[in-house]
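In the UniProt record's numbering, the protein residues as written are 1 to 233. Where is the CB? At the ideal position from N, CA and C, for every residue including glycine. Please read the structure below before turning to the comments.
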Amino acid sequence: MLSINDLHVYYGGIHALKGVSLNAPEGKIVTLIGANGAGKSTLLRAICNLIPAKSGDIRFKDAPLLRLPTHEIVKRGIAMIPEGRRIFPNLTVYENLRLGAYARKDDAEIQKDVEWVYDLFPRLRERHRQSAGTLSGGEQQMLAVGRGLMTRPSLLMLDEPSLGLAPKLVEDIFNIIRTIHQQGLTILLIEQNALAALKVADYAYVIETGSVMLSGKGEDLLHSEEVRKAYLG
C-alpha cells in the first residue's frame, strides 16, 4: 500500500534521512523503532509533505505522493496522528472530531463516523461537550486518534501514541490500535516503547541516525538479541 524508496531528507545542513526504504503492506501494522533523533518522525512528516524530500520516491496505492500538497495526501487516504496530540484545546470533543472530517461533504456519513469513534472511545462520548483542553492526557490521545479516523483513512500513521501516558493507558492505546487494525486499516506506528510496538507489529524497521539498520517480522525483532540489548533492556 505504501512504498518508500531511497528517501533523502535534509534539515538545513543536517542529512536527516539517508536513503530510507520501507514498505507498509495493505492491512498490516508496521512499526518504526529507534532512539530520539533517529529520523522516525521526520519520515512521517516527509510522507505527508510537511517536510520536503530532497530525493527518492514515495508511492501510495501505486500512485506517486512526492510533491503533492498535504491536503491532497489526506484526501488520498492517509491520516497522521502527530506526536503531542495537537488537538484544539478550546473546542469541544465533538468539534475536534468534526474538524477531522473537514475535507468530506457526506454529512450523514460523517455523523455515523462520529458515533463509530464514540463506540471505540466511550469516554469521548461521555465528554463530547467538554473542552478538549480539559481532558486527561489519555483522553486527549484518544481524541487525536478519533479525529484522524474521521478522515476515513486507508493508512493511519501514529507518532508516539503512548508518550507520557501511564502504563494502564498505554495498554488501552495498544488495544485500540489492535481494534482499529481488525477493522481493516493499515497502520504505520512510531514508538519508543519498543516492546509494546513489536508485540503488535506484523513488520518492523529499526532506524538509527537516519538509516534503516534492521528490518523483519515484528516477532523476529522482538526476539533479536541485538534489538533486545539496544531497545528492550
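CB-CB length for residue i against residue j, believed under 8 Å
i	j	result
Ile51	Thr42	6 Å
Val170	Asn193	7 Å
Ala201	Gly216	That pair is no contact at about 10 Å.
Gly137	Leu165	6 Å
Lys40	Ile207	6 Å
Leu198	Val30	The pair is not a contact, with the Cβ atoms about 11 Å apart (cut-off 8 Å).
Beta carbon proximity, residue i to chain D, threshold 8 Å
i	result
Met1	Here chain D cannot be found, since the structure has a single protein chain.
Residue range of the unbroken beta strand (DSSP E) whose run includes residue i
i	result
Thr186	Thr186 to Ile190
Gly216	Ser211 to Lys217
Leu7	Leu2 to Tyr11
Tyr203	Tyr203 to Glu208
Thr31	Ile29 to Ile33
Delimiting residues of the alpha helix (DSSP H) encompassing residue i
i	result
residue 234	Look at the range of the chain in this structure, 1 to 233, and you will see that residue 234 is not part of it.
Gly164	Premise fails: Gly164 is in no alpha helix (DSSP H) and is neither H nor E.
Asp159	Taken as a continuous stretch (DSSP letters only), Asp159 belongs to no alpha helix (DSSP H), being part of the beta strand (DSSP E) at Leu155 to Asp159.
Met142	Gly137 to Leu149
Leu198	Ala194 to Val200
Leu124	Pro122 to Glu126
Cβ neighbour criterion (16 or more within 10 Å) applied to residue i
i	result
Ala63	exposed
Arg85	buried
Ser162	buried
Asp6	exposed
Ile187	buried
Ile87	buried
Ile73	buried
Proximity below 8 Å, CB of residue i to CB of residue j
i	j	result
His71	Ala103	yes
Leu97	Met150	yes
Met1	Leu44	no
**Item:** Contiguous beta strand (DSSP E) assignments of at least 3 residues, all confined to the segment 38-115
**Value:** 55-60 and 78-81
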